[in-house]
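Input: a single structure, listed below in structure tokens.
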Amino acid sequence: MSRLVVEGGTVVTASGSAPADVLVDGEKVAALLAPGGASASSDLVRLDARGKLVVPGGIDVHTHMEMPFGGTYSADTFSTGTRAAAHGGTTTIVDFAIQPRSGSAREGLDTWMARAEGHCAIDFGFHMILSDVNEPVLKEMPGLVAEGVTSFKLFMAYPGVFYSDDGKILTAMQAAADAGALVMMHAENGIAIDVLVAQALAAGKGEPRMHGETRPSVLEGEATHRAIVLAGVANCPLYIVHLSAKEALEEVAAARDAGRQVFAETCPQYLFLDASLMAGPDMEGAKYVCSPPIRAAEHHEALWRGLGTDDLSVVSTDHCPFCMKDQKELGRGDFSKIPNGLPGVEHRMDLVYQGVVENRISLARFVELTSTAPARLFGLYPKKGSLLPGADADLVVYDPARRHTLSVEAHHMSVDYSAYEGMEVTGAVETVISRGEVVVEHGAFTGREGRGQFVKRSPFMGVDVPAPGRDGRAQAGSEEAGS
Ligand code: URP
Ligand code: ZN
Ligand code: ZN
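One gets the working numbering by counting positions in the sequence shown from 1 and adding 5 to each.
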């Protein structure tokens, strides 16, 4: 079994950073050593990390590879998407299997497992989307949890597709709480949104920018409030996905201040992309159509603050790419037919790192948001998201100084545009190690399709929610900020 030492770097974990060497034995972290502490043994592969950061591999808990949506499929397969993820420093994804309407969750899991197994370049897990809440599917929950599918996504949006009404949500939350699962919520008031969409189309307003105008942020705030109330009635832990609006963040913050097991993620598109992009000429705006929609800059500021205060616990991508050609084009003249979703799995680490560069979050918080917190919330910790001895040796050697430009020419995602075209970032992935194997080295993919393994996740165990007063919460601008 091969042994490897990553030496000379600054090791960063969610609790701080220090110069250290990481000794890897086979697939596992064997030890963190004082610099230069590894033996001179000739069977030890040595990886030079001088001047670099060494961080736990990224964990993206919200991706959609090969997802059916609006009559087409998201453009990345598990093969291309996980390869792109690896290039971006992500070593584990948790994707979404979908219960077919009038079908079982088992059918959904089998379908998605067949798509992913033997194709992923990095490790993968699944949440389950419940698109048809009924007695039989609720009975399936404990079995799925035992198999490592320990989180279930429900939708307050997309009536007629994934939507569940409040009664179905409540019963699903009760069953999830009993099964030890976490409920993930797409919180937008889809019934009200559909009225606004129909009115816009009847008025002849079919251009992409209307996607945003018909999904106002207050309808995200309202749905988030309702989801939190229902989770309280069911005594069920709740995780709000792809939170984009300050109104929704206020609801999450209030619940957390009350000591509730309520968590939320945001995504880079809600931190960096402005709603005005949806008003671009011709079909340009379709590039940015996702739900919830990208918002005005005042929301970006609120979200960055939420990342600092831990009201937002995770940054995931909601990677759901559709090509402009033949896919986003489906909504020409009718924005409601534009497939919803943005590409991003490759850029998450770099984009969140800009928060360190701009002194908004500390280095430790960067690791927490991109790896440790998602691992803890989704039953992967300490196997993933940590560098503790015995953890999976998922590591990224990150160059904090290298500048590069995000572009369709440079990315590895299987999509014909970049949502961040031309954006210059500071910080770049240099080497990626997945379970002890170097899968990316200086920009070249050295892994192989199919090496990624299914990760069986633990039931939701509860995570400390800081008490009111927020003492001890991670703060932007702490002593490590920008270090
Ligand atoms: O626009 C989005 N978010 N597409 C993916 C599906 C979802 O709701 O997460
Ligand atoms: Zn969603
Ligand atoms: Zn999603």
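Here a beta-carbon is modelled for each residue, glycine too, at the ideal position from N, C-alpha and C.
(request) For the region 197-263, list the beta strand (DSSP E) runs that are entirely contained and at least 3 residues long, ordered along the chain. (result) 243-245
(message) Give me the DSSP bridge partner(s) of H409.
(response) Position 404 of the sequence shown, counting from 1, holds the residue named residue 409. For H409, which the question treats as bridged, DSSP gives the partners V430.
(request) For A250, collect the residues of the same chain with a Cβ closer than 7 Å to its Cβ; drop the 5 residues on either side in sequence, then sort them by chain order. (result) For the purposes of this step, residue 250 is taken as the residue at position 245 of the sequence shown. Closer than 7 Å at the Cβ level, and outside the excluded window around A250, lie S222, E225, G226, P297, R300, H304.
(message) Within 10 Å of its beta-carbon, does M190 have 16 or more other beta-carbons around it, so buried, or fewer, so exposed?
(response) The residue labelled residue 190 in the question sits at position 185 within the sequence shown. Label assigned to M190: buried.
(request) Helix, strand or coil for I299, going by three-state DSSP, please let me know. (result) Here residue 299 corresponds to residue number 294 of the sequence shown, with the count starting at 1. Three-state result, I299: coil.
(message) Can you give me the C-alpha to C-alpha distance between F465 and F157, rounded to a whole angstrom?
(response) Translated into positions along the sequence shown, residue 465 becomes position 460. Translated into positions along the sequence shown, residue 157 becomes position 152. Those two C-alpha atoms are separated by around 11 Å.
(message) Using only the alpha-carbon positions, how far apart do G86 and C328 sit?
(response) Taking the first residue of the sequence shown as 1, we reach residue 86 at position 81. Taking the first residue of the sequence shown as 1, we reach residue 328 at position 323. If you take the alpha carbons of G86 and C328, they lie about 14 Å apart.
(request) Grab me the residues of A205's own chain with a C-beta within less than 6 Å of its C-beta, minus the 5 sequence neighbours each way, in chain order. (result) Translated into positions along the sequence shown, residue 205 becomes position 200. Only M215, T219 meet the Cβ criterion.
(message) I'd like the list of long-range same chain contacts for A89, defined as Cβ closer than 6 Å, with 5 residues on each side in sequence excluded.
(response) Sequence index remark: in the sequence shown, residue 89 carries index 84 (1-based). The residues are V350, E351, H417, M418.
(message) At the level of alpha carbons, what is the spacing between A110 and L135?
(response) One-based indexing of the sequence shown puts residue 110 at position 105. One-based indexing of the sequence shown puts residue 135 at position 130. If you take the alpha carbons of A110 and L135, they lie about 7 Å apart.
(message) Among P213, I103, A433, G209, whose alpha-carbon lies nearest the alpha-carbon of P73?
(response) Here residue 73 corresponds to residue number 68 of the sequence shown, with the count starting at 1. Checking every option, the nearest Cα to that of P73 belongs to I103.
(request) Excluding the 5 residues preceding and the 5 following G474 in the sequence, name in chain order all residues of the same chain whose CB lies nearer than 6 Å to its CB. (result) Here residue 474 refers to the residue found at position 469 when the sequence shown is read from its first residue. In this prediction, G474 scores a pLDDT of 49, lower than 50, which makes its location untrustworthy; no coordinate-derived value is stated.
(message) If you reduce the DSSP assignment to three classes, tell me which class D183 lands in.
(response) Locating residue 183 in the sequence shown gives position 178, where the first residue counts as 1. DSSP places D183 in helix when its eight states are reduced to three.
(message) Give me the pocket residues for ligand 2, defined as CB within less than 6 Å of any heavy atom, sorted by chain position.
(response) H191, V246, H247
(request) Return yes when at least one heavy atom of ligand 1 lies under 6 Å from the C-beta of G86, else no. (result) For the purposes of this step, residue 86 is identified with residue 81 of the sequence shown, where counting begins at 1. Not under cutoff, so the answer is no.
(request) Determine the closest residue to A269 out of A284, L276, A253, with distance taken between C-alpha atoms. (result) Taking the sequence shown and counting its residues from 1, the one referred to as residue 269 is at position 264. Closest option to A269, Cα to Cα, is A253.
(message) For the structure I just gave you, are there three or more beta carbon pairs, one from the region 277-292 and one from the region 331-351, closer than 8 Å?
(response) yes
(message) Given 6 Å as the limit, tell me if D323 has its C-beta closer than that to any heavy atom belonging to ligand 3.
(response) Here residue 323 refers to the residue found at position 318 of the sequence shown. Yes, since a heavy atom of ligand 3 falls inside the 6 Å radius drawn around the Cβ of D323.
(message) I need the straight-line Cα distance from A119 to L411, nearest angstrom please.
(response) One-based indexing of the sequence shown puts residue 119 at position 114. One-based indexing of the sequence shown puts residue 411 at position 406. One C-alpha to the other measures close to 32 Å.
(message) Below 6 Å, is the gap between the Cβ of S296 and the nearest heavy atom of ligand 1?
(response) Numbered from its first residue, the sequence shown carries residue 296 at position 291. Result yes, Cβ under 6 Å from ligand 1.
(message) Is the separation between the beta-carbon of V154 and that of F131 shorter than 7 Å?
(response) Along the sequence shown, read from residue 1 onward, the residue named residue 154 stands at position 149. Along the sequence shown, read from residue 1 onward, the residue named residue 131 stands at position 126. Yes, the Cβ-Cβ distance between V154 and F131 is below 7 Å.
(request) Note down the Cα distance separating S376 from D399, rounded to an integer number of angstroms. (result) Here residue 376 refers to the residue found at position 371 of the sequence shown. Here residue 399 refers to the residue found at position 394 of the sequence shown. So the alpha carbons of these two residues sit roughly 10 Å apart.
(message) Quick test of your reading: V445 and V434, contact by CB under 8 Å. State the CB separation rounded to the nearest angstrom.
(response) Along the sequence shown, read from residue 1 onward, the residue named residue 445 stands at position 440. Along the sequence shown, read from residue 1 onward, the residue named residue 434 stands at position 429. That belief holds up - the Cβ atoms of V445 and V434 are roughly 7 Å apart, short of 8 Å.
(message) Give the list of continuous beta strand (DSSP E) stretches no shorter than 3 residues that lie fully inside the region 16-71.
(response) 21-24, 26-30, 33-38, 49-53, 58-61, 63-68
(message) Suppose the cutoff is 6 Å on Cβ atoms and the five residues either side in sequence are ignored; what does the same chain contact list for A406 look like?
(response) Counted from its first residue, the sequence shown places residue 406 at position 401. For A406, where only same-chain residues beyond five positions count, there are no Cβ hits under 6 Å.
(message) The beta strand (DSSP E) that contains D100, what's its start and end?
(response) Along the sequence shown, read from residue 1 onward, the residue named residue 100 stands at position 95. D100 -> beta strand (DSSP E) spans 95-103.
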